[in-house]
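Chains as they are written, first to last, in our numbering: chain Z, 1 to 357; chain X, 1001 to 1335.
We treat Cβ as the ideally placed atom computed from N, Cα and C, and that holds for glycine.
Since we're looking at a predicted model, the values are computed, not measured.
See structure below.
Shown next, in the form of structure tokens:
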């Protein structure tokens, strides 16, 4: 049995396709998502057409320059047409036109905004409106009645990347388990490996068990490597210790391996098997919260998503990896995963056959 | 299931029986739904024999062999391999037989040595892997994978992988399919070596010359039935005209005159660039040749070329089924 398990592990780690789904695919995702800076919006280039010799306009410009994320460039003497030309040709994100108003000493402002950046557009508009209000209040010496300060709360996630990292690890385990195993099994069948093994006295369940255990062990190694890479990239997932995280990973991977075996058992032909495996994993990847919180989905879709194994695996991984929770606090998630594990195991036993026909 | 449930067959060919049988097949059948893959067949294979199963793809060879290997369940009839029931004693059966399948059926990510060690671990007794590799001159490729071997090497490996448990019976499935003549002869030596070491060999093939040079007895399968079973020589002797004569002449000879000679059959003429080709099957060649040559001399026709050959298994199969084996499509894994 040891020899068989050793051979099965070699077959998984020497199989480039299986290793792609296990490691390269999630590493690519970690790398790509790390490159985007979701946590700050970058800078907005703001062209301000104003006459800074006017004290009111000078006060406004100075207040705008204090806003961190606005990169303010002041030009004197631009009318609306000239400002629009400069805005369009010089690549500013927005332009603010400040003109003398009625009565004397008051000013009018007009914000020209790019429509191709809806989020930046809204943020810029809100920031400038707030600066205008502030400057107004200061200039009329209005007393400050309400003070305002913002601080990020919710969970202990420090960045979107930290939220993402367990999602990508879970996604990696799912693609490895479903696509990787389904592809290997259908290839074993097509090439006659299963038939050759059946011609020996080896009990088929021992062969199956060695394949499953080999994938679980490689899956655990995969999680450890990905946790390490995520750590280097800035996401610390071992807050509550590794064992709980690994146990949830193992349970989830077992469910996905069973799904892979069911696909390989139900579908004929390697191409069709791989398409089917992709068809199962892709929607789950996006619906179950690998990249975005599921709370953003419409209510009926959320009910459906609550049935999916990846949803519960990711929730448990995030609770343990990011929120300092313990394994035993994941009762509901574990219950759903165990139900999936038992159900898919029984179905895989019925559907997967060693024979071709 | 007992043999009493199989259809009675009182025309048992004595040639189908052996003195010391290691395989006894008694009315084995297989059908998939309405499709009949194998009609009741009956034969024995003796210890130390090389027994060939010949037939075109789809004739039922693989179905029959896979039942004997304990891989598929028979639909009816009974068979014993090494006195073990193929339905109920499969585990013990698999311990004592060796099965060669196409080279692709070995794990592509393991080395030759790793595969032999792995397969050896499945059996009660196993041969040292390096000794096996030496036997097929692959000891210097122990660390290679199947995909890195030539076709002939991969096929030699698939044979030796069937010998890890020192089997008493070895089943070879199209052992030389797709190989060039040199590699094929090399594998024939290997098969004969397996037998020389005391094992019984059952092989399927659709190469007639393979069966003629290797097999002690052959069974012809066609459309799920055994249509003939005997030694290759005896099968050829069953033809009423065991010689194939081909004559190239300067002018056409009258077919009807020649067909009227005693002991000639199937006379035909073909016009070619180099002359007229007359073909016929003869019962006894010296007589016929003498008379044809006399006819040519009498008509002033020149004989440019003459070949006489003994009929082969191919001719036997043609006369039994009206089909040629070599013309059968060479696709694998369908039969």
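**Request:** Check the DSSP bridge columns for residue 1152(X) and list the partner residues they point to.
**Result:** In the DSSP secondary-structure assignment, residue 1152(X) is not bridged to any residue.
**Message:** By alpha-carbon positions, which one of 1031(X), 1161(X) and 1291(X) ends up nearest to residue 1126(X)?
**Reply:** When only C-alpha atoms are compared, the closest one is 1161(X).
**Asked** Along the chain, which unbroken stretches of the beta strand (DSSP E) at least 3 residues long are found entirely within the stretch 46-86 of chain Z?
**Response** Every unbroken stretch of the beta strand (DSSP E) spanning 3 or more residues and falling wholly within the stretch 46-86 of chain Z is given here in chain order: 70-75.
**Message:** Please confirm whether residue 3(Z) has its beta-carbon closer than 8 Å to some beta-carbon of chain X.
**Reply:** Closer than 8 Å to some Cβ of chain X, the Cβ of residue 3(Z) qualifies, so yes.
**Asked** Quick one: what's residue 1021(X) bridged to in DSSP?
**Response** DSSP, once it has assigned bridges, lists 1046(X) as partnering residue 1021(X).
**Prompt:** Residues in the stretch 1100-1133 of chain X with C-beta within 7 Å of chain Z's C-beta atoms, listed in sequence order?
**Reply:** Contact residues of the stretch 1100-1133 of chain X toward chain Z are 1101, 1102, 1104, 1105, 1106, 1107, 1109, 1110, 1114, 1117, 1118, 1119, 1121, 1122 and 1123 (C-beta to C-beta distance below 7 Å).
**Cβ separation of residue 265(Z) and residue 18(Z), assumed to be a contact under 8 Å, to the nearest whole Å** = Wrong, their Cβ atoms sit about 18 Å apart, outside the cutoff.
**Item:** Whole-angstrom C-beta distance between residue 95(Z) and residue 83(Z), which should lie under 8 Å
**Value:** The beta-carbon separation of residue 83(Z) and residue 95(Z), rounded to 5 Å, stays under the 8 Å limit for a contact.
**Asked** Quick one, which of 1169(X), 1174(X), 1165(X) and 1168(X) has its alpha-carbon nearest residue 1156(X)'s?
**Response** For the residues 1169(X), 1174(X), 1165(X) and 1168(X), the minimum Cα distance to residue 1156(X) belongs to 1174(X).
**Message:** Check for me: the alpha helix (DSSP H) holding residue 302(Z) runs from which residue to which?
**Reply:** Where residue 302(Z) is concerned, the enclosing alpha helix (DSSP H) stretches over 299-305.
**Message:** Taking beta-carbon pairs under 7 Å, can you tell me which members of the stretch 11-33 of chain Z lie near chain X?
**Reply:** Residues passing the 7 Å Cβ filter: 11, 14 and 15.
**Item:** Partners in chain X for residue 201(Z), counting only beta-carbon separations shorter than 7 Å
**Value:** Neighbours of residue 201(Z) across chain X, judged by C-beta separation under 7 Å: 1091, 1094, 1095, 1122 and 1123.
**Item:** Interface positions of the stretch 194-225 of chain Z facing chain X (Cβ-Cβ less than 7 Å), listed along the chain
**Value:** Under the 7 Å Cβ criterion, the stretch 194-225 of chain Z contributes 195, 196, 198, 199, 200, 201 and 202.
**Asked** Pairing CB atoms from the stretch 1226-1244 of chain X with CB atoms from the stretch 1071-1084 of chain X, are three or more of them under 8 Å?
**Response** Using a Cβ-Cβ distance cut-off of 8 Å, the stretch 1226-1244 of chain X and the stretch 1071-1084 of chain X are not in contact, since fewer than three pairs of beta carbons, one from each stretch, lie closer than that value.
**Prompt:** Would the C-beta of residue 1248(X) count as close to the ligand SAM, meaning under 7 Å from any of its heavy atoms?
**Reply:** Within the structure as shown, the ligand SAM is missing, as the structure has no ligands at all.
**Request:** Look at the Cβ atom of residue 336(Z), then the Cβ atom of residue 312(Z), and state whether they are nearer than 8 Å.
**Result:** A contact, by the Cβ cut-off of 8 Å.
**Request:** Whole angstroms is fine: what's the gap from residue 1035(X)'s alpha carbon to residue 1071(X)'s?
**Result:** Just so you know, the alpha carbons of residue 1035(X) and residue 1071(X) end up roughly 19 Å apart.
**Message:** Measuring CB atoms only, is the stretch 283-301 of chain Z touching the stretch 190-206 of chain Z, in the sense that at least three cross pairs come out at less than 8 Å?
**Reply:** When Cβ pairs closer than 8 Å are counted between the two stretches, the stretch 283-301 of chain Z is seen not to touch the stretch 190-206 of chain Z, the count staying below three.
**residue 1053(X) versus residue 1208(X): straight-line alpha-carbon distance, rounded** = Spanning the two alpha carbons is a distance of roughly 11 Å.
**Asked** Rounded to a whole number of angstroms, what is the C-alpha to C-alpha distance between residue 1264(X) and residue 198(Z)?
**Response** One alpha carbon belongs to residue 1264(X), the other to residue 198(Z), and they sit about 53 Å apart.
**Prompt:** Who pairs with residue 1230(X) in a beta bridge, going by DSSP?
**Reply:** In the DSSP assignment, residue 1230(X) is bridged to 1218(X).
**Request:** Check the Cβ-Cβ distances between residue 1174(X) and every residue of chain Z, and say whether any is below 8 Å.
**Result:** By the rule that beta-carbons nearer than 8 Å mark a contact, residue 1174(X) does not touch chain Z.
**Request:** Say whether the stretch 1311-1322 of chain X touches the stretch 1190-1203 of chain X, bearing in mind that this needs 3 or more beta-carbon pairs closer than 8 Å, one atom from each stretch.
**Result:** With the cut-off at 8 Å, the stretch 1311-1322 of chain X and the stretch 1190-1203 of chain X do not touch.
**Request:** Flag this pair as yes or no: are the beta carbons of residue 50(Z) and residue 57(Z) separated by less than 8 Å?
**Result:** Taking 8 Å as the Cβ cut-off, residue 50(Z) and residue 57(Z) qualify as a contacting pair.
**Message:** Please list the terminal residues of the continuous beta strand (DSSP E) segment that includes residue 1281(X).
**Reply:** Residues 1275-1282.
**Asked** So residue 172(Z) and residue 222(Z) are in contact, right, with Cβ under 8 Å, and what is the actual spacing, rounded?
**Response** Their Cβ separation, rounded to whole angstroms, is 6 Å, which keeps residue 172(Z) and residue 222(Z) in contact under 8 Å.
**Message:** With a threshold of 8 Å between beta carbons, is residue 7(Z) in contact with chain X?
**Reply:** A Cβ of chain X is located within less than 8 Å of the beta carbon of residue 7(Z).
**Request:** Report the neighbours of residue 1069(X) on chain Z: residues whose CB is nearer than 8 Å to its CB, in chain order.
**Result:** Against chain Z, the beta carbon of residue 1069(X) has neighbours under 8 Å at 199, listed in chain order.
**3-residue-minimum beta strand (DSSP E) runs that sit fully inside the stretch 85-111 of chain Z, ordered along the chain** = Every beta strand (DSSP E) of 3 residues or more that sits fully in the stretch 85-111 of chain Z is shown, in chain order, as 94-100.
**Message:** Mapping the DSSP letters down to three states, classify residue 1140(X) as helix, strand or coil.
**Reply:** Residue 1140(X) carries a helical assignment under DSSP once its states are collapsed to helix, strand and coil.
**Item:** Start-to-end residues for the alpha helix (DSSP H) that takes in residue 334(Z)
**Value:** Counting along the chain, the alpha helix (DSSP H) containing residue 334(Z) begins and ends at 331-351.
**Request:** State the Cα-Cα distance for the pair residue 348(Z) and residue 185(Z), rounded to the nearest angstrom.
**Result:** Rounded to the nearest angstrom, the two C-alpha atoms are 12 Å apart.
**Asked** Looking only at C-alpha atoms, which of 1271(X), 1165(X) and 1031(X) sits nearest to residue 1099(X)?
**Response** Taking only the C-alpha atoms, the option nearest residue 1099(X) is 1165(X).
**Item:** Three-way DSSP call (helix, strand, coil) for residue 1027(X) in this model
**Value:** Residue state, collapsed to three classes: strand.
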